[in-house]
Amino acid sequence: MLALGQDEIAKYPFLADAGQYLKDQGFSLEQFGTDPDLKSLISKAYERILTAADGKIYKSDLDGDHVSKEAALPREVFSFLLAIVLLKLSGMHTLIKRFSLAEARRAEKYLEKDLANISDESKNQLAIRVIDDLFSVQVEKSDDYFIIPVSDYLKHSINFHEREWKLINRHVENGQVFLSPHETVRLIRKELGTYINSKIINAKTPTMIPGFEDSVNKLVLLSKKFVTYTVSTGEYPPCIKHAIDILEKGENLPHSGRFMLATFLLSKGQTVQQVAPLFKNAPDYNPRVTLYQLNHLAGTSGSGTQYSCPSCEKLKTQSLCFATSECDNIINPLQFGRKKK
Amino acid sequence: MQEADTLFLEDSFKKYYFNHFDLITVPERTSEREFGYQKFNSGMTRHISLKDDKELHLLLMQNIPSDVYCSNAYYTFPNLPMNEKDWKEADLIFDIDAKDLNLPCRESHTVSICNDCNDVSKNLTQCSKCNSTKIEKKSLPCKNCIDASKIEVEKLSEVLINDLAITKENIQVYFSGNEGFHVYVYNSQFQEIGSRERSELTDYISLRGAIPETFGMKKFKQNRASFPDFNENGWRGRFSKHVFGSKSKRSKIITELLANGYSSFQKTLDDVSENIGVKIDPNVTMDIHRIFRLPGSINSKSGLTKIHCDNLTNFDPYVEASFLSDDTVEVIANSPIEFKLKNKKFGPYLNEKVTVPTFAAVYMICKKLARIA
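Here the protein sequences line up with chains A and B, keeping their order.
Counted from 1, the first sequence has number 46 at position 46 by the working numbering; the numbering is strictly sequential.
Counted from 1, the second sequence has number 310 at position 310 by the working numbering; the numbering is strictly sequential.
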């Protein structure tokens with residue numbers, strides 16, 4: 001673990017050992033529930049979660065790059081730690097997810113600032129080390145850019161759907177990708193969120209602490225707001241319709257197209273026997289092979305793995321995507337026609 | 001395929017494997033690879049692990065496979081079922097196939113074989129004899145196909161070396177035994193990346209999914225200076241060489257591009273991608289559990305050997321990859337297309353009995369254009 005200075009803990013509170021921090025500061029959790037001076041920190045923690053639930057970034061008391069007041073730093077860290085306690089006590093996973101993401105984005109701002117800090121080399125180095133230690137991305141500074149190996153870049157960029165993150169839209173030279181500080185940090189946002197999320201999920205849940213109940217109850221109510229129901233129209237997406245058309249015409253559907261069609265229908269709950277007749281018109285139809293392959297995809301034979309329907313992205317590269325406006329930015333054909341209520 | 005044909009192919013393949021042990025060697029780190037093979041008229045046997053050349057040769061002589069495969073992946077337990085193999089890493093691999101190049105010559109050397117009545121005709125979607133639509137296409141690639149594939153291999157190597165910092169020694173090119181080339185990349189930073197990452201890499205190499213901004217065209221606040229310079233590295237450099245043609249034309253063409261607007265630029269980009277993007281099969285590169293034809297083994301689609309190309313420019317597969325015997329054999333050939341093997345011309349044959357060398361007979365039988373008389 002990194003050795004952290006005072007203001008670093010405030011910027012990146014998730015890097016600190018929470019229990020140890022409280023002990024070092026000479027506090028116990030119970031004190032926060034009872035001590036009138038400390039109680040306000042629970043409200044602060046609650047606010048922090050509320051802001052995250054709204055999809056906003058918690059505005060910190062930290063003034064610029066430094067902790068201006070002696071008191072601001074511990075308050076900042078405490079509100080983070082107490083927020084985790086509240087979340088654990090409420091047990092609401094949707095809130096934990098939103099909180100982690102918001103905290104990741106907050107930390108991202110500081111990382112970016114630290115990374116771009118040319119006057120203070122130590123800040124710069126700390127940010128580079130955080131990125132390397134937590135996410136195994138080797139960042140090197142080269143003039144105004146940060147360069148990382150293409151393979152490291154790919155491991156993270158594949159989680160983005162925006163085209164500007166595709167490797168082809170990046171400055172690539174000599175096996176390295178050139179990024180701005182902003183892009184470097186943006187690249188690991190999701191993993192930063194996942195990291196914070198897993199730290200919270202893996203933290204021990206304390207028993208209810210007197211003085212915490214009100215906030216916890218409010219959180220449980222709040223989380224109800226985020227439950228969504230989905231309905232499905234049951235209509236097939238254009239890629240699947242297209243594949244069925246091709247087969248009905250007796251034309252050749254490539255292997256990848258057959259794979260897509262079969263995995264789609266099997267995922268929608270059809271049985272191997274229901275799917276098999278679709279391939280009857282294929283130019284090279286062989287009932288024995290078809291059944292063997294369908295059973296393999298369904299996981300009823302072979303390794304037992306059930307294959308899932310390929311993503312829209314993959315279908316695009318296989319020229320199997322015939323997206324219409326109805327597709328509405330879905331990332332897998334299985335999501336087609338599902339509407340959130 | 002009738003039994004006499006199978007027996008003949010098996011016999012010819014067996015002789016090859018017996019006489020050409022020197023051409024068939026297992027790849028490095030043999031015991032971490034998965035091997036597989038197919039026999040004539042039978043399914044795939046895979047999840048095999050081998051220790052060394054000796055075990056491979058034994059497998060070949062015992063089974064006389066029609067095709068032999070080996071993984072580009074390294075596993076802790078290559079002989080266990082897929083999800084228990086414990087995948088470690090995989091060499092980067094590329095497949096360049098003449099059939100994906102949309103070459104105009106293709107039509108002239110492709111035949112349609114009816115799966116119902118076995119009638120052979122030139123390029124139809126329906127059998128002229130029995131009207132069946134169950135048509136199988138077979139192509140006898142010509143010199144143009146091979147030359148065009150070679151150009152793609154050169155383009156690929158250039159991107160690998162200049163953009164992705166792969167050293168020349170770590171790029172190995174093989175003729176696939178049929179219509180193209182397999183390019184292997186060893187010891188790169190990409191050994192351990194997964195399937196989705198490899199898919200992204202193929203998009204890069206084939207110049208797919210580029211946005212106008214990458215090449216200097218913006219929706220708003222357009223700026224001439226953001227267009228690529230003639231001497232830039234990477235795809236921006238290749239783009240400018242292709243689109244501007246010369247340094248002196250750069251300015252004039254940028255003016256045109258700006259005048260045509262943003263959406264027209266996207267079309268230009270698609271066009272450029274079609275022209276200068278490397279035409280690799282993305283599915284092959286992104287599959288990290290695949291087993292590939294083993295170098296030195298025969299491709300049963302043609303009877304030619306998958307062989308290493310020491311000198312790609314001069315490489316002629318129809319001379320250098322044809323290793324079967326010259327002993328003659330009588331076949332009934334129905335090959336409306338003429339072809340050349342070992343510098344000898346064969347065909348066209350119109351359902352006639354002919355006496356040809358084994359290598360030519362095997363070629364035609366593999367392509368379903370002949371049977372043993």
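Glycine included, every Cβ here is placed at the ideal spot set by N, Cα and C.
Handout entry: Boundaries of the alpha helix (DSSP H) in which Y262/B is found, first to last residue
Key = Residues 262 to 276.
Practice task
Alpha carbon to alpha carbon, how far is E256/B from C309/A? Give it in angstroms, no decimals.
Solution key: Our two residues, C309/A and E256/B, have alpha carbons roughly 44 Å apart in a direct line.
Exercise for the section: Going by DSSP, name the residue or residues bridged to I240/A. Expected result: Bridge partners of I240/A: none, in fact.
Practice task
Can you grab the Cα-Cα spacing for the pair T300/A / Q306/A, in whole Å?
Solution key: Between the C-alpha atoms of T300/A and Q306/A there is a straight-line separation of about 8 Å.
Problem - Nonlocal neighbours in the same chain, by C-beta distance under 8 Å from H242/A, ignoring five residues either side - result: So the list reads L320, F322, once near-sequence residues are dropped.
Handout entry: Cβ-based contacts, 8 Å cut-off: residues of the region 123 to 154 of chain A near chain B
Key = Among the residues of the region 123 to 154 of chain A, those with a Cβ less than 8 Å away from any Cβ of chain B are P149, V150, S151, L154, in the order of the chain.
Handout entry: Any chain A beta carbon closer than 9 Å to E89/B
Key = Interface residue (Cβ-Cβ distance to chain A less than 9 Å): E89/B is not classified as such.
Exercise for the section: Taking only the alpha-carbon atoms, compute the straight-line gap between A203/A and S31/B and give it to the nearest angstrom. Expected result: Between the alpha carbons of A203/A and S31/B lies a gap of roughly 43 Å.
Exercise for the section: Could you please give the first and the last residue of the uninterrupted beta strand (DSSP E) stretch that includes M378/B? Expected result: The structure shown does not extend to residue 378/B, since chain B is modelled only from 1 through 373, so no value can be given for it.
Problem - Sequence-distant residues of its chain with Cβ nearer than 6 Å to E140/A (five each side left out) - result: Excluding sequence neighbours, E140/A sits near I147.
Problem - Beta-carbon spacing of F230/B, F215/B below 9 Å - result: Taking C-beta atoms as the reference points, F230/B and F215/B fail to come closer than 9 Å.
Handout entry: Option in Y204/B, I253/B, S273/B with minimal Cα separation from K227/B
Key = One point to set straight first is that residue 227/B is Phe, not Lys, in the sequence displayed. Of all alpha-carbon atoms in Y204/B, I253/B, S273/B, the one lying nearest the alpha-carbon of F227/B is that of I253/B.
Practice task
Apply the 10 Å Cβ neighbour rule to C130/B and answer buried if 16 or more other Cβ atoms are within range, or exposed otherwise.
Solution key: Residue burial is scored here from C-beta neighbours: C130/B has fewer than 16 other C-beta atoms within 10 angstroms and is therefore classed as exposed.
Handout entry: D284/A versus G237/B: straight-line alpha-carbon distance, rounded
Key = The alpha-carbon separation between D284/A and G237/B amounts to approximately 45 Å.
Exercise for the section: Indicate whether the contact test is met: 3 or more Cβ pairs, each with one atom in the region 197 to 217 of chain A and one in the region 114 to 133 of chain A, closer than 8 Å. Expected result: As far as the Cβ criterion goes, the region 197 to 217 of chain A does not touch the region 114 to 133 of chain A, which means the pair count is below three.
Exercise for the section: Name the residue from N233/B, Y363/B, T133/B whose alpha carbon lies nearest to the alpha carbon of K301/B. Expected result: For the residues N233/B, Y363/B, T133/B, the minimum Cα distance to K301/B belongs to Y363/B.
Handout entry: Beta-carbon gap between R105/A and I57/A smaller than 9 Å
Key = In this structure, R105/A sits near I57/A, with a CB-CB distance shorter than 9 Å.
Exercise for the section: Compare the Cα-Cα distances from F18/B to each of N83/B, D52/B, H182/B, N63/B and report the closest residue. Expected result: Closest in C-alpha terms to F18/B, from the list N83/B, D52/B, H182/B, N63/B, comes N63/B.
Problem - Cα-Cα separation between K99/B and R106/B, rounded to whole angstroms - result: Rounded to the nearest angstrom, the two C-alpha atoms are 8 Å apart.
Practice task
Take Y110/A as the anchor and find which of I244/A, Y46/A, L126/A has the nearest alpha-carbon.
Solution key: Among I244/A, Y46/A, L126/A, the Cα nearest to that of Y110/A belongs to L126/A.
Problem - Short Cβ contact (9 Å threshold) for V150/A with V172/A - result: For V150/A and V172/A, yes; Cβs fall inside 9 Å.
Handout entry: Inter-residue Cα distance where the pair is Q318/A and P81/B
Key = Their backbone Cα atoms lie some 27 Å apart in a straight line.
Practice task
Say yes only if the C-beta of F212/A is nearer than 8 Å to one or more non-hydrogen atoms of the ligand NAD, and no if none qualify.
Solution key: As far as ligands go, the structure on display features none, and thus does not contain the ligand NAD.
Handout entry: Beta-carbon contacts of V67/A that lie in its chain and below 8 Å, excluding the five residues immediately before and after
Key = Residue confidence is low: V67/A scores 49 on pLDDT, short of 50, so the model does not pin down where it sits. Its coordinate-derived value is still stated next. Cβ neighbours of V67/A beyond the five flanking positions: Q6, D7, A10, L73, E76.
Exercise for the section: Sort out for me which residues DSSP pairs T133/B with in a bridge. Expected result: Partner(s): none; T133/B has no beta bridge.
Problem - I298/B versus R29/B, E3/B, Q38/B, residue with shortest Cα-Cα distance - result: Of the listed residues, the one whose Cα sits closest to I298/B is Q38/B.
Handout entry: Cβ of P333/A within 9 Å of any chain D Cβ
Key = Absent from the structure is chain D; the protein chains it does hold are A and B.
Exercise for the section: Return yes when the Cβ of L324/B is within less than 9 Å of the Cβ of F346/B, no when it is not. Expected result: For F346/B and L324/B, no; Cβs fall outside 9 Å.
Exercise for the section: Hey, could you find the ends of the beta strand (DSSP E) I372/B is sitting in? Expected result: Per DSSP, the continuous beta strand (DSSP E) segment holding I372/B begins and ends at 370 to 372.
Problem - Which listed residue (N332/A, F80/A, L38/A) has its alpha carbon closest to that of L15/A - result: Relative to L15/A, the option among N332/A, F80/A, L38/A whose CA is nearest is F80/A.
Handout entry: Close-in-space but distant-in-sequence residues of the same chain around A370/B (CB under 8 Å, 5 per side omitted)
Key = Correct list, in chain order: V331, I332, A333, N334, S335, Y349, A361, M364.
Exercise for the section: Compare the Cα-Cα distances from F264/A to each of R288/A, G302/A, C312/A, S142/A and report the closest residue. Expected result: It is C312/A whose Cα lies nearest to the Cα of F264/A.
Practice task
Could you tell me the distance, in whole angstroms, from the CA atom of I48/B to the CA atom of I161/B?
Solution key: About 34 Å.
Problem - Unbroken stretches of the beta strand (DSSP E), 3 residues or longer, contained in the region 33 to 57 of chain A - result: With a minimum length of 3 residues, no continuous beta strand (DSSP E) run stays inside the region 33 to 57 of chain A.
Problem - C-beta neighbour in chain A for T214/B, strict 9 Å - result: Output row for T214/B: interface = yes.
Handout entry: Contacts around G33/A, its chain only, beta-carbon distance under 6 Å, and the 5 residues preceding and following it disregarded
Key = Excluding sequence neighbours, G33/A sits near I209, P210, G211, F212.
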